[in-house]
Amino acid sequence: MPTALADRETGKPRAGTALNAENLVAEIRDRLGETAPAGPEARAVVLEHLRNALKSARKAAEAELIETRKGRRCAHAICAAQDEIIRAAHLWATRYVFPRENPSEAEALAIAAVGGYGRGTLAPGSDIDLLFILPYKQTPWGESVTEFVLYMLWDLGQKVGHAVRSVEDSIRMARSDMTVRTATLESRFLTGEKRLFEQMRSRFEAEIVAVTGSEFIAAKMAERDARHEAQGNTRYVVEPNVKDGKGGLRDLNTLYWIGKYFYRVQTAAELIEKGVFSRAEYRRFERAEDFLWAVRCNLHFLLRRADDRLTFEIQQEMAERLGYAGRAGMLGVERFMKHYFLVAKDVGDLTRIFCTSLEFAHAKKVSGFGRVFDSFRKARTPIRGEADFLLEHGRITVARPDVFEQNPLNLIRIFHVAGREGVMFHPDALKQITRSMRLIDAKLRNDRDANACFLDILTSPESVERVLRWMNESGVLGKFVPEFGKIVALMQFNMYHHYTVDEHLIRAVGVMAEVENGKLRDELPLTYELLPHLSDVRLLYVALFLHDIAKGRPEDHSEAGEAIARKFCPRLGLSAAETETVAWLVRHHLLMSEIAQSRDIQDPETAKAFAETVQSPQRLALLMILTACDIRAVGPGVWTGWKGSLLRALYYATEPLLSGGHSQVSQRDRVIEAQDALRAALSHWPAEKLDDYLERHYPNYWLRAEPELQVAHAKMIEGAQKSGSPFAGSIAIKTFESITEVSFYTPDHPRLLSLIAGACTMADASIIGAQIFSTRDGHALDTFRLRRAFTADEDEKLRANRIIDTVRSLLEGRKYLPADLGYDSRYNKRLKPFSVPTEIFISNALSDKFTVIEISGLDRTGLLYHLTRALSDLNLTIGSAHIGTYGEKAVDVFYVTDLTGAKITAPARQKRIREALEAVFAAGHEKA
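Here it is, written out as C-alpha cells:
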C-alpha cells in the first residue's frame, strides 16, 4: 500500500528517480538530428533509448535494494521509472508522430495506471495495467496514439494489460464487473488530458463507490477466502506465495481496497485517524509491507522473471541477499523464513483487526451490511457463571477494561471460555489482550490455576485446535509457554515438512482431537480401537504439544524435548509417573515410524528390539497413536494407508511380546482375517482356485499388504495365468495420496529391483516407496509408489504403462539401461539447495538371517537404481527392501545375504560394500 498519493496525482516524476519524460524526449530528439521523428528509423532509436533508460533505472533500483533492503522504496522506484517511460512514449507520439494542429473535442486521450500499477508499486516482473480514457468514442488519432504507446511497451518486452474506454463505458462496466470496479478504484493519472481522468474518477466516486460499499466488501472478502483456500488456507506453508498466499501482499491490498472504498482514505496512515489502527499497529503495517515488497522484488530480480512463490530453490539465495546468517541450531535460510512467517502473522493480525473493526464500528451504518458479516445478535449478553467476560454481538469480550490488570489469570481463562462457548473474539478483547501481554510473567506461568486452565484447553477435543491457534496468533501461547515461543514461525529447511513447527504441533494436537471425536475411523482404524483402552488420553495431547518443541536447537530435538517435558509437565500438575510417560513419548516420538518404514517387521529381531525399548503395552498404544497423529500433521498426502499398514504390522508384532503373548488378535488370526477378506472380494472365484492362490503367499504378505493392494495383485496374477505370460503389471492411481502404484509379477531375478528402478528413472518418475514380496513358487511381487507428476489420470497411466513395458523389455533383453542413467534429471534441480550427509550403516544384529544395510543421503532421480545395481555388482541377494523418502532425504534399507544365503561378516567385505555405496552418492554429487 502506498504511503502517499499526492505526487502520483500531479503527473510529475517522483523524487528519487533519475528519469524524466521531457528529458528523455529531448535526448532522443538530439540524437536523431535531421532524421524524421515519425519514420521507422526514429522509432528504432526511441525504442533503444527507452529500453536503455528502463534497464538502467531497474539496475539502480536493484542496487539500492541490495544496499538498503527497503522493499517499498524499490517498488516505488521501479514504478516511477515505468511512469516516465510511458509518458515519454506518449509525448513522442503526440508531439512528433501524430501531432494535432487544431484538435477537436473528440481528439483527446488520458492514460491511467490501474490495478497494482495504479497503487504506485511495481515488482520487476509485474504486469503493466493501463486504461486509455476517451471522451466519447475512439477516433483515428486516438487509436494511432494508443497503438504507438502499446507497441512501444510490447517491443520493450513488457507484459501489458490494457483497456480502451470512454468515460461512460468505464462507469457502466465498473457498475457491473467487480474486477473493473477494483481496477478503477486504484486508477492513477499518468499522462494526457487530465480532465478526462478527473471526470471518470468523480463519477466513479459518486455513482459507484457511494452506493455499493457492502457489495464491494462482501465480494473482496469472498475473493480473499477463495484465494486462501487455493493457496492451502494457512500462512505457514514452507513454500509460500509472497503475493497471493495467506499473509501476503494481496491481503494488504485487500485492506487498501476496502479502506479506500469504505473509509474513503487514500493512504494507510489515514486509518489511524479513522480509529481502525493504533499508531503501533500502523507501524507493524509499514514494516510488514516493506519486508514483503523487499522479498517480492528480490525474488523477481533473482529469477529474472515474474514468479511469486518462494520455493526451496531460491530461499537460501534470498536469505543471503537479505543478510541472514546461520546461528547455533538454525540455518540462515531458516532465520529468514522465520522472519517471513512472523511478518505473515502480523499481516493476519492486522487483517483481523481491520475486518472486525469494520464489522463492529460501521456495519450498522451501511444498508445491507449484515449480509456481509451475519453475526449481529443481541448487543451484550452475559455468560453464565462469568463475571469478567460477556458476549457482544455474539463475540467474547471483557466486562471491564481492567479485567486483565485485576487478574492476569484471565489472559488464559478468556481462551478457555471462548472454546467452551464456541464463540469468536471481539476486537476490543483482542486489543486488550495485546496491550496486557506484559502481565504474562513467571508468576502467572507458575500459577496452579493458570496451568490447570491451560491443561483443560489442551485436552478439550471439541475446541483444542481452534483455541491453541487463537492463543498462538495473539502471542499469548508463546509468552505463557516460552519454549513454544521459540518455535513460533520456525521453518525446517527440508522438503518433508509442509508447515512451520508451531503450526505442525497445533495440527498434531488437532488430529488427536479428531481421533477422540471419532472422525478418523477409516483412516486410523487401530488408533481408534486403542483409544478406549488408554488409562489417560490427556498424556497424548501433552506429548503431541511438546514432541517437536525443541526444534531449532543445536542438540537432538528429541533429547532436548524430553528435558523440556520433564520441566513443563509438573507445571501442568501431572504426577511423576505421568511426567515420565510424556517425557518418554517425546524422547521416542520418531522411533516407531523409523522402525516401521525401514525395518523388516516380520523379522523376529525387529519386534524384539522394539519391545525392549517400549517395555509396556500401554506405552506401545500411546506411541502408536502419537506416531499416527504426528505423521498426519506433517502435510497433505504424507500419511498414507501404506504407512498405516506398516505401523499396524509393527504394533501387532510387538504387542504379544509385551503382554505375555496374549494379544487381542494373534498374528495367525490376522493372516486368516486378511485371507477371508480376499475370499469375500473374490467370491466369484472357484473355492479350489482361491485356496491355491492363498497358498502362493508367505504370512508376511498378508500382514503387510493392504487389502486393496491384495485384490489388485490377485487380478494381475490371474490375468498373467490366463494369457500364459510369465510377466504382468498393474497400475493404481491414488488421487488423495498423490501417488501412482505400479505393481510387477515376474519370475524372480537377481537384478529385478535395479531394473524396475532404472525403468522408473527412464520415465523421470520419482520413487517414494516400495513393497517387495516373494511367492512360494519363485515369483517376485513388487509394488512401487511413484510421486504423481501429471494432473490428468490418463497421463499418469500412460507413464506407468511405459514403465511396465520398459521392465518387460529389460527382462527380455530387448533393451538396456545406460550406466549414467538419472544424473541429468529435471527433478534433481529441485534438490540443489539441500545438503544431506551420506551415512551407511551395516549391522548383523538386527536380523537372525540377514545383514541389514541402511543407507541415507540426498535423494535424486535414479538413486535407487544405482544403489540396487551396486548391491547386485557386489553379488548380494536382496531379501527385502524398504524404500523411504522424506522430502530431500532418502533412507533405503536392504536385508541382504551373499549368494550362499549367509550374512556378510567379513570386515573387508563390509568395507567394500560401504565404499561402493558411498561412491554412488559421490558420483551423483559430482554429476550434479
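Add 94 to a position in the sequence shown, counting from 1, and you land on the number used in the numbering used here.
Think of the CB as a built atom: it goes at the ideal place given N, C-alpha and C, for glycine as much as any other residue.
Buried or exposed (CB count within 10 angstroms, at least 16 for buried), residue i
| i | result |
| --- | --- |
| W248 | exposed |
| R893 | buried |
| I169 | Per the sequence presented here, residue 169 reads as Ala, with Ile not at that position. By the neighbour-count rule (16 or more Cβ atoms within 10 Å), A169 is buried. |
| D650 | exposed |
| K1005 | exposed |
| F298 | buried |
| P931 | exposed |
| T700 | buried |
| S461 | Reliability of the predicted coordinates at S461 is poor, the pLDDT of 36 falling under 50, and no value is obtained from them. |
| T129 | exposed |
| T834 | buried |
| Y230 | exposed |
| T475 | exposed |
Residues that residue i bridges to, as DSSP identifies them
| i | result |
| --- | --- |
| L952 | K983 |
| Q865 | T877 |
| S260 | L228 |
| L970 | D992 |
| N611 | The partner list for N611 (beta bridge, DSSP) is empty, contrary to what the question assumes. |
| P841 | H873 |
| L740 | In the DSSP output, where bridge partners are listed per residue, L740 has none listed. |
| L484 | P476, T491 |
| A207 | L224, R282 |
| I947 | I936, F988 |
Closest residue to residue i among the options (Cα-Cα distance)
| i | options | result |
| --- | --- | --- |
| S260 | K164, A202, I643, E195 | A202 |
| V732 | I977, G823, G981 | G981 |
| E161 | R902, L416, K314, F448 | L416 |
| N794 | I302, I695, G579 | I695 |
| W351 | K314, D338, E890 | K314 |
| T405 | E414, V603, L393 | L393 |
| R1008 | I949, A727, T475, L752 | I949 |
| I934 | L965, A913, K909 | L965 |
| A1010 | L505, L968, A743 | L968 |
| R870 | P841, F884, L571, K828 | P841 |
| S692 | L720, A422, W387, Q865 | Q865 |
| Y36 | N611, R660, S629 | No answer is possible for residue 36: the residues shown for the chain start at 95 and end at 1022. |
| V558 | Q526, H487, R632 | R632 |
| R266 | S941, R295, V609 | R295 |
| A35 | A705, D496, E653 | Absent from the structure is residue 35, since the part of the chain shown begins at 95 and ends at 1022. |
Per-residue DSSP class, three states only, for residue i
| i | result |
| --- | --- |
| Q360 | coil |
| N52 | Since the displayed the chain opens at 95 and closes at 1022, residue 52 lies outside it and no answer follows. |
| H829 | For clarity, residue 829 is Thr in the given sequence; the question names His instead. Looking at T829 - three-state DSSP - the assignment turns out to be coil, as it is neither helix nor strand. |
| E699 | helix |
| E569 | This sequence places Gly at residue 569; Glu is not what is there. The answer is coil: DSSP assigns G569 none of H, G, I, E or B. |
| G579 | helix |
| G342 | coil |
| D101 | Because D101 carries a pLDDT of 41, less than 50, the predicted location of this residue cannot be relied on, and no value is offered for it. |
| S372 | coil |
| L284 | strand |
| R882 | coil |
| G214 | coil |
| I658 | helix |
| Y792 | coil |
| N335 | strand |
| M518 | coil |
| S824 | strand |
| R726 | helix |
| A644 | coil |
| I122 | helix |
Any 3 or more C-beta pairs closer than 8 angstroms across the stretch 633-650 and the stretch 677-684: Verdict: yes, contact present.
Segment contact, 8 angstroms Cβ cut-off, at least three pairs: the stretch 543-563 with the stretch 494-513: Touching, yes, given that three or more Cβ pairs across the two stretches are closer than 8 angstroms.
The stretch 280-297 in contact with the stretch 211-231 per 3-pair CB rule at 8 angstroms: Counting Cβ pairs under 8 angstroms, three or more are found: they touch.
Segment contact flag, the stretch 811-827 with the stretch 935-949, C-beta cutoff 8 angstroms, min 3 pairs: The stretch 811-827 vs the stretch 935-949: no contact.
Contact between the stretch 808-815 and the stretch 832-846 (3+ Cβ pairs under 8 angstroms): Short answer: they touch.
Segment contact, 8 angstroms Cβ cut-off, at least three pairs: the stretch 849-862 with the stretch 942-957: Three or more beta-carbon pairs drawn from the stretch 849-862 and the stretch 942-957 are found closer than 8 angstroms, and the two stretches are therefore classed as touching.
Stretch pair the stretch 601-608 + the stretch 558-578: three plus CB contacts closer than 8 angstroms: Output reads yes: the stretch 558-578 touches the stretch 601-608.
Stretch pair the stretch 661-670 + the stretch 708-724: three plus CB contacts closer than 8 angstroms: Of all C-beta pairs linking the stretch 661-670 to the stretch 708-724, fewer than three are shorter than 8 angstroms, placing the two stretches out of contact.
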